[in-house]
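Asker: In terms of our numbering, the sequence shown has 84 at position 83, counting the first letter as 1, and numbering is strictly consecutive.
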Amino acid sequence: MADKNAVVNVDEYRGVWTFAEQRDGNLLNVAIELLGEGRKIADELNTELTAVLLGKNVDDIAEKLIKYGADKVLYVEDDLLSTYTTDAYSKVIYELVEERKPEIFLIGATNIGRDLGPRLSARIHTGLTADCTRLNVDLENRRLMMTRPAFGGNLMATIVCPNYRPQMSTVRPGVMEKAKYNENHKGIIEKIHPYLKEEDIKAKVIEFVKSSKAEVPLEEAPIIVSGGRGLGTPEGFKLIEKLAKKLGAEVGASRATVDAGWIEQAHQVGQTGKTVRPKLYIACGISGAIQHLAGMQESDCIVAINKNPDAPIFKIADYGIVGDIYEILPELIDALDHV
Ligand code: FAD
Numbered sequence: 002m003a004d005k006n007a008v009v010n011v012d013e014y015r016g017v018w019t020f021a022e023q024r025d026g027n028l029l030n031v032a033i034e035l036l037g038e039g040r041k042i043a044d045e046l047n048t049e050l051t052a053v054l055l056g057k058n059v060d061d062i063a064e065k066l067i068k069y070g071a072d073k074v075l076y077v078e079d080d081l082l083s084t085y086t087t088d089a090y091s092k093v094i095y096e097l098v099e100e101r102k103p104e105i106f107l108i109g110a111t112n113i114g115r116d117l118g119p120r121l122s123a124r125i126h127t128g129l130t131a132d133c134t135r136l137n138v139d140l141e142n143r144r145l146m147m148t149r150p151a152f153g154g155n156l157m158a159t160i161v162c163p164n165y166r167p168q169m170s171t172v173r174p175g176v177m178e179k180a181k182y183n184e185n186h187k188g189i190i191e192k193i194h195p196y197l198k199e200e201d202i203k204a205k206v207i208e209f210v211k212s213s214k215a216e217v218p219l220e221e222a223p224i225i226v227s228g229g230r231g232l233g234t235p236e237g238f239k240l241i242e243k244l245a246k247k248l249g250a251e252v253g254a255s256r257a258t259v260d261a262g263w264i265e266q267a268h269q270v271g272q273t274g275k276t277v278r279p280k281l282y283i284a285c286g287i288s289g290a291i292q293h294l295a296g297m298q299e300s301d302c303i304v305a306i307n308k309n310p311d312a313p314i315f316k317i318a319d320y321g322i323v324g325d326i327y328e329i330l331p332e333l334i335d336a337l338d339h340v
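Here it is in structure tokens:
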């Protein structure tokens with residue numbers, strides 16, 4: 002058996018892989034973001050971009066991945082892969098990695114990705130940088146520079162994996178730009194039927210029970226209305242919810258409001274919360290601290306409502322309204338009733 006502690010010959014490894022996470026036949030946005038980032042990295046390294054897709058009857062997703070820029074899709078199909086289990090997914094991908102030797106493997110930092118990534122990297126015996134918010138390439142050494150918040154977000158750490166391959170990273174959803182869809186993009190779909198047995202999977206999925214705590218799909222939301230300490234009281238979020246409802250938006254929040262117990266942490270946007278990139282972000286009574294901006298500054302259009310004309314949020318806002326949220330928001334809601 003090979004010495005798993007021995008460093009590998011990194012020159013034997015080529016190609017960028019991304020994990021195409023799907024749930025119930027729906028491709029996650031983060032999978033498209035990884036293709037966007039993976040494409041850039043693969044082009045810089047002059048190598049191939051491969052999406053790794055596991056599941057059952059998800060041929061349409063395999064085709065979609067090509068249109069989103071993958072040169073190749075490794076589509077592993079099996080009944081035992083129709084729902085995610087750590088054992089089956091890590092076994093199948095481990096075998097693919099050992100056989101094909103990619104130099105980089107990117108996985109979304111979703112609940113599944115956070116489970117799969119470490120298991121896989123331990124099995125392959127390589128490093129994993131979790132929850133990355135930026136990726137760069139050191140072309141000279143063909144190394145991936147993986148950056149993530151460290152020490153509670155107080156500093157950004159850039160991590161490299163010099164002696165082992167693939168260089169693995171889980172990437173925070175909502176941070177990277179999505180790949181563009183191109184109907185005419187061509188690539189290869191390689192269908193693989195794995196040798197998987199029921200006994201390979203120690204954990205059995207008996208049924209799915211939806212969490213009673215509603216998930217807040219902020220990363221996927223096209224519109225977000227966020228509330229900050231300027232609301233003054235937890236009841237202020239009722240107004241935010243009202244506007245959000247009118248716009249078909251999700252409710253976001255600054256950490257100050259979460260820390261104050263006004264709203265659940267699942268709503269928090271920012272460095273230690275979620276990173277979002279909606280088409281429209283409305284910040285109400287939020288000052289624009291750097292840690293908040295880190296989570297929303299890539300939004301397409303930012304509207305800020307704040308009574309302080311010098312609030313830093315106005316520096317990045319596309320539209321700024323200087324005024325009291327308790328005057329502006331009711332007017333906005335009223336105006337929306339008449340459109
Ligand atoms: P404030 O900074 O208090 O701003 C309130 C704003 O409301 C002010 O600009 C004020 O002018 C305005 N206002 C007041 N009343 C009204 C009114 N009636 N009408 C209109 N405007 C009004 N923060 C995050 O948000 N997300 C994070 O993920 C995050 N991570 C952090 C990680 C670390 C390591 C640290 C140190 C901090 C982090 N923070 C984070 C906290 C961050 O530094 C700020 O403290 C926080 O974002 C401030 O929240 P806020 O804008 O709601 O409150």
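Glycine residues also receive a C-beta, built at the ideal position from the N, C-alpha and C atoms. The model shown is predicted, which means the values in this text are computed figures rather than measured ones.
Take Leu197 and list the residues in its own chain whose beta-carbon comes closer than 8 Å to its own, dropping the five residues that flank it on each side.
Answerer: Start at 1 with the first residue of the sequence shown, and residue 197 comes out as number 196. Excluding sequence neighbours, Leu197 sits near Asp79, Leu81, Leu82, Ala89, Lys92, Val93.
Asker: By Cβ distance below 7 Å, which residues in the same chain neighbour Glu22 in space, the five residues on each side in sequence not counted?
Answerer: Against the sequence shown, residue 22 aligns to sequence position 21. Taken in chain order, the residues that qualify are Leu29, Val31, Ala32, Gly109, Thr111, Ile113, Gly114.
Asker: What residues in its chain sit with their C-beta under 6 Å from that of Ile322, if we drop five residues either side in the sequence?
Answerer: The residue labelled residue 322 in the question sits at position 321 within the sequence shown. The answer, listed in chain order, is Ile306, Ile329.
Asker: Report the CB separation of Ile342 from Val226 in whole angstroms; it is logged as a contact under 8 Å.
Answerer: Beyond the ends of the chain as shown, which are 2 and 340, falls residue 342; an answer cannot be given.
Asker: Mind checking whether Val217 and His268 have CB atoms under 8 Å apart?
Answerer: Counted from its first residue, the sequence shown places residue 217 at position 216. Counted from its first residue, the sequence shown places residue 268 at position 267. Yes, the pair counts as a contact, with Cβ atoms nearer than the cut-off.
Asker: Cβ-heavy atom distance between Ser288 and ligand 1 below 7 Å?
Answerer: Your numbering for residue 288 matches position 287 in the sequence shown. Yes, Cβ of Ser288 sits closer than 7 Å to a heavy atom of ligand 1.
Asker: Let me check one thing: in DSSP terms, what residues is Thr148 bridge-paired to?
Answerer: Here residue 148 corresponds to residue number 147 of the sequence shown, with the count starting at 1. Beta-bridge pairing links Thr148 to Arg135, Thr159.
Asker: Any idea which residues DSSP pairs Phe106 with across the strands?
Answerer: In the sequence shown, residue 106 corresponds to position 105, counting from 1. In DSSP, Phe106 forms a bridge with Trp18, Met169.
Asker: Check whether the region 227-239 touches the region 125-138, taking contact to mean three or more Cβ pairs, one atom from each stretch, closer than 8 Å.
Answerer: Not touching, per the Cβ criterion.
Asker: Does DSSP put Arg278 in a helix, a strand or coil?
Answerer: Stepping through the sequence shown from its first residue, residue 278 is reached at position 277. In the structure shown, Arg278 sits in coil (DSSP, three-state: anything other than H, G, I, E or B).
Asker: Could you pull the start and end residues of the beta strand (DSSP E) that Asn307 belongs to?
Answerer: Reading the sequence shown from its first residue, position 306 is the one you call residue 307. Taken as a continuous stretch (DSSP letters only), the beta strand (DSSP E) holding Asn307 covers 302-307.
Asker: Nearest to Gly253 by alpha carbon, out of Glu38, Lys316, Val270?
Answerer: To locate residue 253, count along the sequence shown from 1; it is residue 252. Minimum Cα distance to Gly253 is reached at Val270.
Asker: Buried or exposed, going by whether 16 or more other CB atoms sit within 10 Å of the CB of Thr234?
Answerer: By 1-based counting over the sequence shown, the position of residue 234 is 233. Answer is exposed; the Cβ neighbour count stays below 16.
Asker: Mark Ile67 as exposed unless 16 or more other C-beta atoms lie within 10 angstroms of its C-beta, in which case mark it buried.
Answerer: To locate residue 67, count along the sequence shown from 1; it is residue 66. So Ile67 counts as buried.
Asker: Can you tell me which residues form a DSSP beta bridge with Tyr320?
Answerer: The residue you call residue 320 lines up with position 319 of the sequence shown. DSSP output for Tyr320 lists Val304 as bridge partner(s).
Asker: Per DSSP, Tyr76 is paired with what?
Answerer: Here residue 76 is taken as the residue at index 75 of the sequence shown, counted from 1. In DSSP, Tyr76 forms a bridge with Leu54, Lys192.
Asker: Compute every distance between the C-beta of Ile306 and the non-hydrogen atoms of ligand 1, then say whether any falls below 7 Å.
Answerer: Start at 1 with the first residue of the sequence shown, and residue 306 comes out as number 305. Under cutoff, so the answer is yes.
Asker: Is the Cβ-Cβ distance between Pro195 and Val53 less than 8 Å?
Answerer: The sequence position of residue 195 within the sequence shown is 194, counting from 1. The sequence position of residue 53 within the sequence shown is 52, counting from 1. Result no, Cβ atoms of Pro195 and Val53 do not sit closer than 8 Å.
Asker: Taking all protein chains shown into account, do 16 or more other C-beta atoms lie within 10 angstroms of the C-beta of Ala3, making it buried, or fewer, making it exposed?
Answerer: Along the sequence shown, one-based indexing puts residue 3 at 2. Only weak support exists for where Ala3 lies, its pLDDT of 49 falling under 50; the value from the coordinates is given anyway. Ala3 is exposed by the Cβ-count criterion.
Asker: So, for Lys192: in the same chain, excluding its five sequence neighbours on each side, which residues have a beta-carbon less than 7 Å away from its beta-carbon?
Answerer: On the sequence shown, position 191 is the one that residue 192 refers to. Taken in chain order, the residues that qualify are Tyr76, Glu78.
Asker: With DSSP as the reference, label Leu46 as helix, strand or coil.
Answerer: Against the sequence shown, residue 46 aligns to sequence position 45. Reduced to three states, the DSSP call for Leu46 is coil.
Asker: State the Cα-Cα distance for the pair Arg256 and Arg149, rounded to the nearest angstrom.
Answerer: In the sequence shown, the residue the question calls residue 256 occupies position 255. In the sequence shown, the residue the question calls residue 149 occupies position 148. Cα to Cα, Arg256 sits roughly 19 Å from Arg149.
Asker: Shortest alpha-carbon distance to Tyr320 belongs to which of Ala336, Asp338, Asp301, Val259?
Answerer: On the sequence shown, residue 320 is found 319 positions in, with the first residue counted as 1. Among Ala336, Asp338, Asp301, Val259, the Cα nearest to that of Tyr320 is on Asp301.
Asker: Which value, in whole angstroms, describes the spacing of the CA atoms of Asn27 and Gly118?
Answerer: By 1-based counting over the sequence shown, the position of residue 27 is 26. By 1-based counting over the sequence shown, the position of residue 118 is 117. Gly118 has its alpha-carbon roughly 20 Å from the corresponding atom of Asn27.
Asker: Could you check what DSSP says for Val98 in three-state terms: helix, strand or coil?
Answerer: Counting from 1 along the sequence shown, the entry for residue 98 is found at position 97. The answer is helix: DSSP assigns Val98 an H, G or I state.
Asker: Let me check understanding here. Comparing Cα to Cα, which of Leu50, Asp116, Leu36 lies closest to Arg15?
Answerer: Numbered from 1 along the sequence shown, position 14 holds the residue referred to as residue 15. Among Leu50, Asp116, Leu36, the Cα nearest to that of Arg15 is on Leu50.
Asker: Considering only the beta carbon of each residue, do Gly296 and Glu178 sit closer than 8 Å?
Answerer: Within the sequence shown, numbered from 1, the residue matching residue 296 stands at position 295. Within the sequence shown, numbered from 1, the residue matching residue 178 stands at position 177. The criterion of a C-beta distance shorter than 8 Å is not satisfied by Gly296 and Glu178.
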